[in-house]
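Chains V and Z, in that order, give the protein sequences. First residue of the first sequence? That's 1 in our numbering, and the numbers climb one at a time after it. First residue of the second sequence? That's 369 in our numbering, and the numbers climb one at a time after it. Note that CB positions come from ideal geometry on N, CA and C, so glycine has one too. In this text the structure is predicted, and so the values were computed from the model without any measurement.
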Amino acid sequence: MTDLAGTGTADAPTQETAIRLAGLTKVFGSTTVVDHLDLDIGKGEFFSLLGPSGCGKTTTLRMIAGFSDATEGSILIGGTDVTSVPPHKRPVNTVFQSYALFEHLDVTGNVGFGLRRKGLPKAEITRMVGEALELVQLSEKATARPRELSGGQKQRVALARALVNRPEVLLLDEPLAALDLKLRHQMQVELKTIQREVGITFVFVTHDQDEALTLSDRVAIMNNGVIEQVGTPEDVYERPRTAFAAGFIGTSNLMTGTYEHGALTLAPGIAVPVPGHAELAEGATASIAVRPEKIWMYEFEPHMVRIPGTVVATVYHGATTQYLVDVAPSVRITVLEQNLSRARNEDRWSDGDRIELGWKPEHAVVIR
Amino acid sequence: MAAPTVTADTTAIDVATPRRRRRSVEGKPRIAVAFTLLFFLLLYLPIVVVVLFSFNSKKSLSAFQSFSWRWYEQFFNDDQLISSLKASLFISSVAMVGALVLGTMLALALEKVRGRPARAVGTVALVPLVTPEIVTGVAALLFFTGLGIHLSLTTVILAEITFSISYVAVIVRGRLAAVSGEVEEAARDLGCTAFQAMRLVTIPTILPALIASGLLVFALVFDDFVLAFFVTGVDPQPLPVRIYSEIRLTISPAINAVGTCMMLVSVVLIGLSLVVPRLFGRKDNGLDLLSGG
């Protein structure tokens, strides 16, 4: 299977960059869907564009594929400007959300379609299609028609049909969205394995933050046509730079107040210490974000930031318990506790309990 | 032209759900069963009578004597009827091809172009389906005579094509709507130019709809009377017009034979439109496209 990795990128002038988007803009009528996007995606990277629907992630992907013309800016693939190159001449292939299999062809016909367009010899096509079907573990379905396949199998055919052409970049448009949860998790693992095996750059569009975190080498969080943050999954989760990034990936407790004397005043009389942020201007409005699982409710350690609160709701989730705690009339904090020794009912806090919350200073991220 | 549409629809539903219908008969009140049987009796009895008397050895239209091919022989020896039959087959074939090409182009264009103008065109394209055919006929007649065009087979073909485009467009659009627009993009993604994507992927994908609508248009045009009556020339006349002129003079059992033959053509066409898509491995048949399948 290793020869699937032998893409024709060796002669590319920029060795490390697979895709460069420069000032990429798409305007539909009076709406700017993608707004001056600048992005470099490295060779062999598993890169995710993550965002809510309508954030411009699919439009960006379609511009890379060539289905949608850029209003402004340029797209470079392997160092070559392809901004005005038609889709059939771009060194990319796409896995579509609806799979878009050709119903009049069997699995072999579907997978070999791109190779036949390239005019490769028949024996070569047969060999490559066989290898691609082996890669997606679908060899026994070679003569099946698309309608005879399950959702997961169609997904694999779509993947094989794109990968067999050894594109420089593989574009995936929410490819797992139509699968049920269990199959989706299974396909996520396989997708990652296949990507490692073939070494092709994957650009993966999804609105599922779990999926993006699990699969990607790097994630770009998109909102309203702009990238809010680019980074490794750990980066964007642990150190969100914008309120949107903090809220979109996982849940986050966002606390906004006035910065005075090393503390954030959320409400009159309620100040949250924010140690180690000397860069904040005295009297300025600032926000901090703390992840629910990083807030402690007992056995505090020294140097922890501690504030009092009242439990208003307790939700049992099996592995975890979620508490909603009011620390000020308008500030409600979500806390997630592992159900370890405290699994029994009588050990959990109940609504109305006065408690104390605490977190390590480094877990409070200051949001721009 | 509302009547044939309804007939085609009923047929499709009948054929598509025989098992469900039979099952639901069990446990239903006898009166409902009887009423249904009466309905089908009234619907099909006149047709059965026509077929039966086409094999009558006597000229009588009320008493069946014995079996004979006599009226069929008379039909096939009647040069005027045969030339009308040939004319009708020719009109139907040309109209089918013309309507298929134009209707498919219309459907593809309406699928591509979005927005208010496209919706307006889409609506206008459906108007022939609901316009009383006599209005279409009179309008076509006024149009041709107004332009000083001599009425002939050509005018019949032009009128029939204009009228049939909507049927093709509706059926093909139904199929296109069921196919993701991404399929064509996938073809282009895999190395096809826009034209190759059309030829290698889009057309094969909508082939069942093309076959179904082609057969439907052929059947509709073949036994169309109203439109043909207004815009036909003198000689040769389309078969339905010819039959009409004949029975105005004398009622001959030979007409029963002609009618039976025409019905046979229609039944074969409907049968084909059900069977052919199955050869492409589709479980649903072509006419499901008419009943919204």
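Can you check which of these residues, the options, is closest to residue i by C-alpha distance?
i: V:Leu37; options: V:Val203, V:Glu228, V:Gln153 and V:Leu149; result: V:Glu228
i: Z:Leu575; options: Z:Val469, Z:Gln442, Z:Leu519 and Z:Glu550; result: Z:Val469
i: Z:Val536; options: Z:Ile579, Z:Ala527, Z:Gly639 and Z:Arg567; result: Z:Ile579
i: V:Ala18; options: V:Arg156, V:Arg196, V:Ile194 and V:Val203; result: V:Val203
i: Z:Pro604; options: Z:Leu429, Z:Lys426, Z:Leu457 and Z:Phe408; result: Z:Leu457
i: V:Asp353; options: V:Leu159, V:Val34, V:Tyr323 and V:Ile367; result: V:Tyr323
i: V:Arg348; options: V:Lys182, V:Ser48 and V:Tyr316; result: V:Tyr316
i: Z:Ala467; options: Z:Ile525, Z:Phe432 and Z:Val495; result: Z:Ile525
i: V:Thr319; options: V:Leu336, V:Pro308, V:Ser330 and V:Asp326; result: It should be pointed out that residue 319 of chain V corresponds to Ala in this sequence rather than to Thr. Minimum Cα distance to V:Ala319 is reached at V:Leu336.
i: V:Asn110; options: V:Val82, V:Gly42 and V:Ala144; result: V:Ala144
i: V:Pro233; options: V:Ala245, V:Val226 and V:Asn224; result: V:Ala245
i: V:Met304; options: V:Glu362, V:Val169, V:Ile194 and V:Asp35; result: V:Glu362
i: V:Ile75; options: V:Asp106, V:Ile41 and V:Gly51; result: V:Ile41
i: V:Gly231; options: V:Ile249, V:Asn224 and V:Gly225; result: V:Ile249
i: V:Ile307; options: V:Leu115, V:Ala162 and V:Val274; result: V:Val274
With a cut-off of 8 Å on the beta carbons, I'd call residue i and residue j a contact; round off their distance for me.
i: V:Gly151; j: V:Leu133; result: Not a contact, Cβ separation roughly 17 Å.
i: Z:Arg556; j: V:Pro87; result: 5 Å
i: V:Leu49; j: V:Val205; result: 5 Å
i: Z:Ala587; j: Z:Ser634; result: 5 Å
i: Z:Leu544; j: Z:Glu479; result: 5 Å
i: V:Ala328; j: V:Ala267; result: 4 Å
i: V:Ser53; j: V:His207; result: 6 Å
i: V:His104; j: Z:Thr573; result: 6 Å
i: Z:Val540; j: Z:Ala475; result: 4 Å
i: Z:Ser452; j: Z:Pro621; result: Their Cβ separation, rounded to whole angstroms, is 18 Å, which puts Z:Ser452 and Z:Pro621 out of contact at 8 Å.
Quick one: is residue i near chain V, going by C-beta distance under 7 Å?
i: Z:Ser581; result: no
i: Z:Ala507; result: no
i: Z:Pro572; result: yes
i: Z:Ser548; result: yes
i: Z:Gly559; result: yes
i: Z:Arg390; result: Bear in mind that the predicted position of Z:Arg390 carries a pLDDT of just 48, short of 50, making it unreliable; the figure below should be weighed with that in mind. Output row for Z:Arg390: interface = no.
i: Z:Arg556; result: yes
i: Z:Val569; result: yes
i: Z:Glu501; result: no
i: Z:Val419; result: no
i: Z:Val643; result: no
i: Z:Glu614; result: no
i: Z:Glu479; result: no
i: Z:Val551; result: yes
Taking 7 Å as the CB-CB limit, is residue i close to chain Z?
i: V:Pro87; result: yes
i: V:Glu202; result: Before going on, a small fix: residue 202 of chain V reads as Phe here, not Glu. False, the Cβ-Cβ gap to chain Z never drops below 7 Å.
i: V:Ala144; result: no
i: V:Val366; result: no
i: V:His207; result: no
i: V:Ser30; result: no
i: V:His396; result: No information on residue 396 of chain V is available, as it lies outside the stretch 1 to 368 that chain V covers here.
i: V:Arg370; result: The displayed coordinates of chain V run from 1 to 368. Any statement about residue 370 of chain V would go beyond what the structure contains.
i: V:Thr94; result: yes
i: V:Ser252; result: no
i: V:Ser98; result: yes
i: V:Gly372; result: This structure leaves residue 372 of chain V out entirely; chain V is present only between 1 and 368.
i: V:Phe46; result: no
i: V:Lys300; result: Sequence check: residue 300 of chain V is Phe here, not Lys. For V:Phe300, the answer is no, since every Cβ of chain Z falls outside 7 Å of its Cβ.
i: V:Gly8; result: Bear in mind that the predicted position of V:Gly8 carries a pLDDT of just 39, short of 50, making it unreliable; the figure below should be weighed with that in mind. No, V:Gly8 does not count as interfacial toward chain Z.
i: V:Ser150; result: no
For the ligand ATP, I want to know if residue i counts as a neighbour, meaning its beta carbon is within less than 6 Å of at least one of the ligand's heavy atoms.
i: Z:Val536; result: Absence of the ligand ATP from the depicted structure is noted, as is the absence of any ligand whatsoever, leaving it without description.
Check your understanding: What are the complete beta strand (DSSP E) segments, minimum 3 residues, inside the region 73-104 of chain V?
Key -> 92-95
Check your understanding: Below 8 Å, can you find three or more Cβ-Cβ pairs linking the region 175-192 of chain V to the region 208-222 of chain V?
Key -> yes
Practice item. List in chain order: all unbroken beta strand (DSSP E) runs of 3+ residues lying wholly within the region 512-600 of chain Z. Key: none
**Study point:** Residue ranges of each alpha helix (DSSP H) within the region 114-195 of chain V, 4 or longer
**Key:** 122-135 and 151-163
Review point. Does the region 581-596 of chain Z touch the region 400-414 of chain Z, meaning 3 or more C-beta pairs lie closer than 8 Å?
Key: no
Point to revise | Any alpha helix (DSSP H) of 4 or more consecutive residues that is wholly inside the region 213-289 of chain V | key: 233-238 and 243-248
Review point. Taking three-plus beta-carbon pairs below 8 Å as touching, is the region 255-271 of chain V in contact with the region 281-293 of chain V?
Key: Contact between the region 255-271 of chain V and the region 281-293 of chain V is established, with three or more Cβ pairs separated by less than 8 Å.
Point to revise | Inter-stretch contact (C-beta, 8 Å, three-pair minimum) for the region 492-511 of chain Z and the region 421-439 of chain Z | key: no
Check your understanding: Within the chosen definition, does the region 83-101 of chain V reach the region 141-160 of chain V through at least 3 CB pairs nearer than 8 Å?
Key -> Flag = yes, the region 83-101 of chain V and the region 141-160 of chain V touch.
Practice item. Ignoring anything shorter than 3 residues or poking outside the region 314-355 of chain V, list the beta strand (DSSP E) runs there in chain order. Key: 320-328 and 331-338
Review point. Using 8 Å as the Cβ pair cut-off and three pairs as the minimum, do the region 612-627 of chain Z and the region 546-565 of chain Z touch?
Key: no
Practice item. Taking only beta carbons into account, state which residues of the region 60-80 of chain V come closer than 9 Å to chain A, listed in chain order. Key: The question asks about chain A, but that chain is absent: this structure's protein chains are V and Z.
Check your understanding: Does the pairing of the region 54-62 of chain V with the region 120-133 of chain V give three or more beta-carbon distances under 8 Å?
Key -> no
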